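For reference, the structure is listed below as structure tokens.
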Amino acid sequence: MEAHDTNFLDLLDGNKQFAVPIFQRRYSWEKKHCERLWEDILSLGQSGMNRFHFIGSIVYIDPKVSPASRVRALQVIDGQQRLTTLILLLAALSRAVEASSSEIGITSEELSDYYLNVRRNDELRYKQLLGEHDKNTLIQLLDGNNEEWFRTTDRNLVQLLDDEELPTNAAPRLIKNYRFFETELKRADLKAVYTGIQRLRIVDIILDRPDDNPQLIFESLNSTGLELSQADLIRNYVLMGQVPDFQNKLYKDYWLPMEARFGDEYTGQFDRFIRDYLTLKNRKIPNIRNVYDSFKVYVQDSLSSGIVESIETIIADISRYSKHYLCIALGKEEDTVLQDCFADINTLEVTVAYPFLLEVYEDYKQGSIQKSELVQILRLVESYVFRRSICDIPTNSLNTTFAARLMENVNRNIYLESLTKAFLDLSQQSDRYRYPLDAEFKQAFLVKGVYNNPIRCQYLLRKLENHGNKQPICIENYTVEHVMPQNPDLSDEWKQELGENWKEVQEKYLHTVGNLTLTGYNPELSDRSFSEKKELKPGGFRDGGLRLNVSLVQAKQWNETAIQMRAEEFAEKALKVWIYPDN
Numbered sequence: 027m028e029a030h031d032t033n034f035l036d037l038l039d040g041n042k043q044f045a046v047p048i049f050q051r052r053y054s055w056e057k058k059h060c061e062r063l064w065e066d067i068l069s070l071g072q073s074g075m076n077r078f079h080f081i082g083s084i085v086y087i088d089p090k091v092s093p094a095s096r097v098r099a100l101q102v103i104d105g106q107q108r109l110t111t112l113i114l115l116l117a118a119l120s121r122a123v124e125a126s127s128s129e130i131g132i133t134s135e136e137l138s139d140y141y142l143n144v145r146r147n148d149e150l151r152y153k154q155l156l157g158e159h160d161k162n163t164l165i166q167l168l169d170g171n172n173e174e175w176f177r178t179t180d181r182n183l184v185q186l187l188d189d190e191e192l193p194t195n196a197a198p199r200l201i202k203n204y205r206f207f208e209t210e211l212k213r214a215d216l217k218a219v220y221t222g223i224q225r226l227r228i229v230d231i232i233l234d235r236p237d238d239n240p241q242l243i244f245e246s247l248n249s250t251g252l253e254l255s256q257a258d259l260i261r262n263y264v265l266m267g268q269v270p271d272f273q274n275k276l277y278k279d280y281w282l283p284m285e286a287r288f289g290d291e292y293t294g295q296f297d298r299f300i301r302d303y304l305t306l307k308n309r310k311i312p313n314i315r316n317v318y319d320s321f322k323v324y325v326q327d328s329l330s331s332g333i334v335e336s337i338e339t340i341i342a343d344i345s346r347y348s349k350h351y352l353c354i355a356l357g358k359e360e361d362t363v364l365q366d367c368f369a370d371i372n373t374l375e376v377t378v379a380y381p382f383l384l385e386v387y388e389d390y391k392q393g394s395i396q397k398s399e400l401v402q403i404l405r406l407v408e409s410y411v412f413r414r415s416i417c418d419i420p421t422n423s424l425n426t427t428f429a430a431r432l433m434e435n436v437n438r439n440i441y442l443e444s445l446t447k448a449f450l451d452l453s454q455q456s457d458r459y460r461y462p463l464d465a466e467f468k469q470a471f472l473v474k475g476v477y478n479n480p481i482r483c484q485y486l487l488r489k490l491e492n493h494g495n496k497q498p499i500c501i502e503n504y505t506v507e508h509v510m511p512q513n514p515d516l517s518d519e520w521k522q523e524l525g526e527n528w529k530e531v532q533e534k535y536l537h538t539v540g541n542l543t544l545t546g547y548n549p550e551l552s553d554r555s556f557s558e559k560k561e562l563k564p565g566g567f568r569d570g571g572l573r574l575n576v577s578l579v580q581a582k583q584w585n586e587t588a589i590q591m592r593a594e595e596f597a598e599k600a601l602k603v604w605i606y607p608d609n
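Basically our numbering = 1-based index in the sequence shown + 26.
Written as structure tokens, this is what we have:
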């Protein structure tokens, strides 16, 4: 490895091309980063002192082989964001000088020599070549001779966050940042800008592939650019050390399709997926901040022990499980029955179950269990989590339950039977792992204040309404309605309805299941009397047609006894909705 403190423009001098590997993340600098760089350059250029400004490092692999083309092909490992941004500025400055009569000490053509190998007519013409998503846009911006492309791009500036709306699959951040510099240069002292660029210094770090490990050096850099996500680090780790042809194969066959499947969710969800994947493989949960380190250990151990044959085997496995994750966590399941099961589990916000669900879903895909068995397992998970929630059992034990305990002794020859037994055996391991029995669940269900989580409360009421219903209702436009109003200043009519101890009744039963229903007319019902809520048209309890409201319509008075009777009715039904395994 060679490291030199050098002038930025000297880095670009000569016939060379800085190529960004296909696996590197896209150009991602925002306007605020360009503004800071612009201010630094202006400050340098306007200063009477001959001072310099350090902007970080550029790290690249130099094969040190003189190609027949005489253009040195350099592979960028770190620093592509600032390198790309400065090349955009140089291109914009070259055109500003060409359009201006001012003398700045360098011509437009001489400036273009810093970003173009002007004697080439192929892709080696460009001193920087970006990855697949960004390459074409940067080429257009550096050439600057396609007026129709520029006009079409400008017409679509309002849609720059949607690549598909732009010509030639244009990369929005490149265009927006180029336009930023173009606008600033129209009102700037061009000579001061050029002087500022001349005073930029970098650490030029050159790696020799046979002797240096690019990945280790990449990790150790304290970059001044954007922080890399765990997903970026993992992608670079599995691809960076491979020879270019194999690198391309792994990226195009596995990683690129995987990123495409995640779509806009990739940045936020991939780290979580990898954490769940590692939990599944290792039977222990890595810290979300240490996913990358845990991944490296997993890969190294898997390869050295011979558990897997190659890095391609690992990437193919990750790619396959990522499809499962999308079905489970992000609503990509095509089977409507399974989709409903996953949606119910996700409503309960039990993401710690994902490693377990990934393994069960993989077994389903491999034919170890049938769809009907998978549905029973998913409903078992749902019931286990919901019963514990109603019984206020702390959730911290769920981590180890779903990471390892349930699958430790599963017999895949009697899959459903052995897994059901595993759920039942949890109670024997520790009380905090228990699957609440019917008596405990029912007692808690009768008195639990369930409205503190409106989404989960809505889920509860929907499940009660639709259980056993061949024509289940869609409650998308329904909200939770309190039969006895929430208003602490109850009307005289409501006080009479509830009886002389109305205050205690309201405090005790307000948010319990016996006092709740679903409605699309919440504002209309509001604090109306019980009789008005029953008979209002449209929107009253009698008018709605919900099975939840049958007992409301039949009740002649809404008081403590009526609430208790309705809660008892729902509790008996709840035992059938959220079953105990041996029932």
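From the three backbone atoms N, C-alpha and C, an ideal C-beta is built for every residue, glycine too. The structure displayed is predicted, hence computed values, not measured ones.
- Assignment of residue 141 by DSSP, reduced to helix, strand and coil, places it in the coil class.
- Residue range 79 to 87 is occupied by the beta strand (DSSP E) that includes residue 82.
- Residue burial is scored here from C-beta neighbours: residue 257 has at least 16 other C-beta atoms within 10 angstroms and is therefore classed as buried.
- In the DSSP assignment, no residue is bridged to residue 51.
- Under the criterion of beta carbons closer than 8 angstroms, residue 100 and residue 87 qualify as touching, at roughly 7 angstroms.
- Residue 209 sits exposed, since fewer than 16 C-beta atoms from the chains shown fall within 10 Å of its C-beta.
- Judged by beta-carbon spacing, residue 222 lies within the 9 angstroms limit of residue 69, meaning their Cβ atoms are closer than that value.
- Secondary structure at residue 33: strand, using DSSP grouped into helix, strand and coil.
- A residue is called buried when at least 16 other Cβ atoms come within 10 angstroms of its Cβ; residue 234 does not meet this threshold and is exposed.
- The DSSP-derived three-state label of residue 45 is strand.
- Put simply, the segment 450 to 459 does not touch the segment 498 to 511. Fewer than three CB pairs are less than 8 angstroms apart.
- Of the residues 376, 129 and 42, the one whose Cα lies closest to the Cα of residue 218 is 129.
- Between the segment 390 to 397 and the segment 319 to 331 there are fewer than three inter-stretch CB-CB distances shorter than 8 angstroms, so the stretches are not counted as touching.
- 306 is the residue among 322, 159 and 306 whose C-alpha sits nearest the C-alpha of residue 385.
- Per DSSP, the continuous alpha helix (DSSP H) segment holding residue 224 begins and ends at 216 to 224.
- Cα atoms of residue 103 and residue 43: separation of roughly 13 angstroms, rounded to the nearest angstrom.
- Using a Cβ distance threshold of 9 angstroms, residue 480 and residue 428 do not count as a contacting pair.
- Under the three-state reduction of DSSP output, residue 524 falls in the helix class.
- Of the residues 548, 537, 544 and 556, the one whose Cα lies closest to the Cα of residue 521 is 556.
- Residue burial is scored here from C-beta neighbours: residue 510 has at least 16 other C-beta atoms within 10 angstroms and is therefore classed as buried.
- Three or more Cβ pairs closer than 8 angstroms define a contact, and the segment 400 to 413 meets that threshold against the segment 586 to 606.
- The segment 541 to 557 makes contact with the segment 512 to 530; the number of CB pairs closer than 8 angstroms reaches 3 or more.
- Apart from sequence neighbours up to five positions away, no residue of its chain approaches residue 419 with a beta-carbon distance below 6 angstroms.
- Of the other Cβ atoms in all chains shown, 16 or more fall within 10 Å of the Cβ of residue 488; this residue is therefore buried.
- Per DSSP, the beta bridge partners of residue 28 are 232.
- When rounded, the separation of the alpha-carbon atoms in residue 121 and residue 286 is 36 angstroms.
- DSSP, read as helix, strand or coil, puts residue 342 in helix.
- Sequence-distant Cβ neighbours of residue 467 in its own chain, meaning closer than 8 angstroms and more than five residues away, are 413, 416, 417, 600, 601, 604 and 606.
- In the structure shown, residue 150 adopts helical secondary structure according to DSSP, grouped into three states.
- For residue 213, the three-state secondary structure derived from DSSP is coil.
- Under the DSSP assignment, residue 505 falls in the beta strand (DSSP E) whose first and last residues are 505 to 508.
- The continuous stretches of beta strand (DSSP E) do not include residue 287, which lies in the alpha helix (DSSP H) extending over residues 282 to 288.
- In the same chain as residue 378, and ignoring 5 residues on each side of it, the C-beta atoms closer than 7 angstroms to its own belong to 424, 425 and 428, in chain order.
- By the C-beta criterion, the segment 70 to 78 is judged not to be in contact with the segment 52 to 62, since fewer than 3 inter-stretch pairs fall below 8 angstroms.
- Note on geometry: alpha-carbon atoms of residue 589 and residue 370 lie some 27 angstroms from one another.
- Take residue 436, set aside five residues on each side of it, and the residues of its chain with a beta-carbon closer than 7 angstroms to its own are 444, 445 and 448, in chain order.
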